[in-house]
Structure formats: C-alpha cells, structure tokens
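Residue numbers for the sequence shown follow my numbering, so the first one is 5 and each next one is one higher.
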Amino acid sequence: MMGMTDTDGLVSIEIICYNHEKYIEDALQSVLAQTYENLEIIICDDFSTDRSWELIQAFLPKLQKKFNKVIAFQNPRNLGVTPALNKLLEKTRGVVLFALSGDDMMAENYIAEVMQVYKEHPEASVFVSNGYHVEEKVKYAELANASLPLWYKKNPDFNKDTLFERLYWQNCVFAPGVSVKRTVYDDFGFYDTDICIEDLEFWLRISRTKETKFIYIDKPLIFYRKNPNSVSSQEKNERYIERNKVYLAGCEKIIEKYAPYVEKDLYVRRKWEHLQREWIFYKMNVPEAETRILKEKLYPFIKENWHTIGWKQLVGYYRKYMIALFNKIH
Numbered sequence: 005m006m007g008m009t010d011t012d013g014l015v016s017i018e019i020i021c022y023n024h025e026k027y028i029e030d031a032l033q034s035v036l037a038q039t040y041e042n043l044e045i046i047i048c049d050d051f052s053t054d055r056s057w058e059l060i061q062a063f064l065p066k067l068q069k070k071f072n073k074v075i076a077f078q079n080p081r082n083l084g085v086t087p088a089l090n091k092l093l094e095k096t097r098g099v100v101l102f103a104l105s106g107d108d109m110m111a112e113n114y115i116a117e118v119m120q121v122y123k124e125h126p127e128a129s130v131f132v133s134n135g136y137h138v139e140e141k142v143k144y145a146e147l148a149n150a151s152l153p154l155w156y157k158k159n160p161d162f163n164k165d166t167l168f169e170r171l172y173w174q175n176c177v178f179a180p181g182v183s184v185k186r187t188v189y190d191d192f193g194f195y196d197t198d199i200c201i202e203d204l205e206f207w208l209r210i211s212r213t214k215e216t217k218f219i220y221i222d223k224p225l226i227f228y229r230k231n232p233n234s235v236s237s238q239e240k241n242e243r244y245i246e247r248n249k250v251y252l253a254g255c256e257k258i259i260e261k262y263a264p265y266v267e268k269d270l271y272v273r274r275k276w277e278h279l280q281r282e283w284i285f286y287k288m289n290v291p292e293a294e295t296r297i298l299k300e301k302l303y304p305f306i307k308e309n310w311h312t313i314g315w316k317q318l319v320g321y322y323r324k325y326m327i328a329l330f331n332k333i334h
C-alpha cells in the first residue's frame with residue numbers, strides 16, 4: 005500500500021457488490037453526489053450472476069468525470085464478503101477508509117462530515133454516524149421525501165474502557181455508518197476470513213486494547229437497506245435456513261475467539277444466550293438436528309456451568325425449554 009500523509013485528506017470509498025442489480029445504481033448515485041471530492045472510488049463486483057457488473061461499467065464515466073481515481077474490477081469467482089473486502093482494502097491509499105455495500109446509500113455530506121470530525125478529533129480512529137432503515141424498494145431519488153426510522157434512537161456509548169465487554173455481549177456499532185483511519189488496519193490487520201460477521205469481530209479486535217477510540221457522529225448519514233438476502237436478515241425466504249446456520253456459526257466463533265479476554269461469568273451468560281437461540285432455531289426450522297444440538301452442545305454446557313447460570317433461572321424462567329431438554333436427552 006502506498007503511504008500518504010494526513011494533510012492529503014484522501015478518502016477511499018470501497019464498494020462491494022454481489023447480485024445488487026436492483027440497488028447498485030442507487031449506491032453509486034449517492035457516491036457521485038458527495039460534496040467532498042478528494043476521493044478514490046474502488047468498486048468490486050464479487051462475480052455477480054445478475055446485471056450488476058454491466059450496470060457498474062455503465063456508471064463509471066460519471067464517477068470518472070468527477071473523481072481523480074476510480075477503479076472497478078470483477079472477481080473471477082465469488083469470494084464472499086470478507087475476502088472481497090480485504091481485496092478492496094489492499095488497493096486503497098486514503099487516510100480514511102469507508103466501505104459501502106452495493107445495496108446501501110450515503111447522504112451527500114457523509115464524507116464531508118466524517119472528515120470534519122477527523123480534523124477536530126485527531127485522537128479518534130473509528131467514526132460512526134447514525135443512519136436510517138430503508139425498505140428494500142425505496143430508491144435514491146425518493147429519500148428526501150421518505151419518512152424513515154433512525155438506527156440509533158439514543159446516542160450509543162462508545163466509552164473505550166468498557167466498549168469491548170459491551171460488544172462481546174451485543175454489537176452496538178452501526179457498521180454501514182463506519183469510517184476507519186487506515187492506521188487501524190496497519191496496526192490490527194484486515195478482516196478475519198474465517199468469520200462471516202467480519203465487522204463485529206474487527207470491532208472486538210481493535211477495542212480489546214482499550215486504546216482505539218470510537219467517536220459518534222450524531223447525524224443520520226447512511227441509508228441502510230433491508231435486503232432480504234443479507235446474512236443477518238430474518239426474512240423467511242428460500243435462503244432463510246442456510247443464512248441463519250452461517251450467522252449462528254459466526255456468532256459462536258466470535259464468542260469462543262474472545263472468551264479468553266472476558267470474565268468467565270460474561271462468557272457463560274453470552275454463550276448460554278447463544279445456545280438457547282441456536283436450539284430454538286433448529287427446533288423450529290431443522291427439527292431433525294434438534295436432538296444433536298441438545299446432546300452435543302446445550303446439555304454439556306449446562307452440566308459444566310450450571311453454578312454460573314443458576315438453577316433457579318434454568319428451571320424457572322426457562323422452564324418450558326428445560327422440560328423439553330431433559331425429555332430429549334434421557
């Protein structure tokens with residue numbers, strides 16, 4: 005990677021697209037509308053099987069006319085989000101990096117606002133804006149007149165002394181609204197390709213030292229589209245079961261990876277909450293696998309950690325689940 009000084013003020017926007025033909029033009033239009041112009045735009049189509057790549061190529065002249073550097077490439081095969089993101093990061097030169105999904109959109113002043121905070125708070129490394137939830141069919145041209153719910157209803161707590169533990173319990177970072185200083189990637193590396201929830205794993209990695217400062221920008225600057233095919237979507241379509249299997253596996257990998265860095269009580273409570281969610285998912289959607297989840301995962305965990313979980317909680321609040329559990333395993 006080429007080094008640059010802070011005075012250059014170059015911002016890299018990495019755009020990742022996979023089968024986003026219904027959305028990619030909106031995403032690119034929102035980039036074109038940016039009021040901050042010292043940008044490099046790097047677009048990766050992750051071997052889409054729809055018209056995404058064709059639409060990207062058709063849009064390039066508009067971007068190239070406004071910005072100094074615009075790169076677009078298509079992977080020769082589908083790599084998946086995390087490897088594709090890492091490939092994009094390798095090509096960036098900016099002092100601040102922002103990743104835009106091909107189905108999301110930016111307010112025209114997003115980069116300008118981030119760079120203003122960047123200048124005012126040199127101690128900060130991660131910049132998190134607020135944003136809006138956007139229904140799947142809403143177009144970029146319709147945003148100005150749309151009534152949209154906010155992502156953060158109240159300001160998040162990004163206190164660096166406690167952020168790691170809170171992230172371990174639940175992700176509180178609005179990933180689509182995040183821009184990161186390139187020095188963070190220099191210090192901590194790129195995304196973990198073994199974990200599908202790459203953003204949360206990265207937040208945990210960089211917050212564990214208690215040194216990385218996240219700063220909140222209290223303005224809704226990102227439009228996060230409710231894509232029914234995203235990994236975290238709960239839309240019950242044809243990919244619902246496989247999507248949730250991948251997501252649950254990713255959660256468990258994160259829980260185990262960072263278990264050595266939290267108090268045992270926090271680990272047990274977090275793992276217990278996850279195992280219940282996993283069991284209920286399989287019980288409702290893949291019943292033939294329920295007994296395996298009970299015998300191999302939930303019951304052994306209870307045997308080992310019941311003192312921390314507490315029998316009163318186990319047999320009381322979760323009574324109906326425990327009855328089913330013991331019926332299955334005996």
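Where a beta carbon is used, it is the ideal one built from N, C-alpha and C, also for glycine.
Residue nearest to residue i in terms of C-alpha spacing, selected from the options
i, options, result
"Ile258", "Met110, Arg209 and Cys21", "Arg209"
"Ile47", "Asp107, Tyr27, Ile20 and Gln33", "Ile20"
"Glu117", "Thr39, Phe305 and Ile28", "Thr39"
"Glu169", "Ser211, Lys69 and Ser16", "Ser211"
"Ala111", "Asn134, Tyr122 and Lys123", "Asn134"
"Lys26", "Lys185, Ile60, Phe305 and Val15", "Ile60"
"Lys158", "Thr86, Lys287, Val177 and Lys164", "Val177"
"Ser16", "Lys164, Gln280 and Leu93", "Leu93"
"Gly181", "Lys268, Tyr220, Ile284 and Arg81", "Tyr220"
"Leu298", "Glu308, Asp165 and Tyr286", "Tyr286"
"Tyr122", "Ile284, Leu14 and Asn23", "Leu14"
"Lys214", "His137, Gly193 and Leu167", "Leu167"
Under 8 Å between C-beta atoms of residue i and residue j
i, j, result
"Phe71", "Leu101", "no"
"Phe131", "Ser183", "yes"
"Leu89", "Tyr195", "yes"
"Asp12", "Lys143", "no"
Backbone CA spacing between residue i and residue j [nearest angstrom]
i, j, result
"Glu282", "Leu252", "7 Å"
"Pro65", "Phe77", "14 Å"
"Asp222", "Glu292", "47 Å"
"Ala179", "Thr312", "32 Å"
"Arg55", "Glu127", "43 Å"
"Ser237", "Lys230", "Note that Ser237 has pLDDT 49, beneath the 50 cutoff, so the model's placement of it is unreliable and the number below is only indicative. Each residue's alpha carbon lies about 8 Å from the other."
"Val57", "Leu67", "Inspection of the sequence shows that residue 57 is occupied by Trp rather than by Val. Approximately 15 Å, taken between the alpha carbons."
"Pro224", "Pro160", "13 Å"
"Tyr114", "Ile226", "7 Å"
"Gly98", "Asn175", "27 Å"
"Ser105", "Arg186", "19 Å"
"His125", "Glu260", "34 Å"
"Ser129", "Leu147", "30 Å"
"Ile45", "Pro304", "50 Å"
"Asp107", "Tyr189", "24 Å"
"Ile75", "Glu18", "10 Å"
"Asn309", "Val272", "7 Å"
"His24", "Met109", "12 Å"
"Pro87", "Leu204", "16 Å"
"Asp165", "Tyr22", "37 Å"
Range covered by the alpha helix (DSSP H) that runs through residue i
i, result
"Pro304", "Tyr303 to Ile313"
"Arg341", "No answer is possible for residue 341: it lies beyond the span of the chain, which begins at 5 and ends at 334."
"Pro65", "Ser56 to Lys70"
7 Å CB neighbourhood of residue i in its chain, flanking five on each side removed
i, result
"Tyr172", "Leu208, Tyr262, Val266, Leu270 and Arg274"
"Glu256", "His278"
"Asn248", "Phe285"
Beta strand (DSSP E) segment containing residue i, residue limits
i, result
"Val138", "Val130 to Val138"
"Tyr228", "Phe218 to Arg229"
"Ile17", "Val15 to Cys21"
"Cys340", "Coverage of the chain is limited to positions 5 through 334, which leaves residue 340 absent and any answer about it impossible."
8 Å Cβ shell around residue i - same chain, five flanking residues per side excluded
i, result
"Leu83", "Asp50, Phe51 and Lys91"
Same chain only: Cβ atoms within 6 Å of residue i, ignoring 5 sequence neighbours per side
i, result
"Leu32", "Phe63"
"Ala37", "Glu112"
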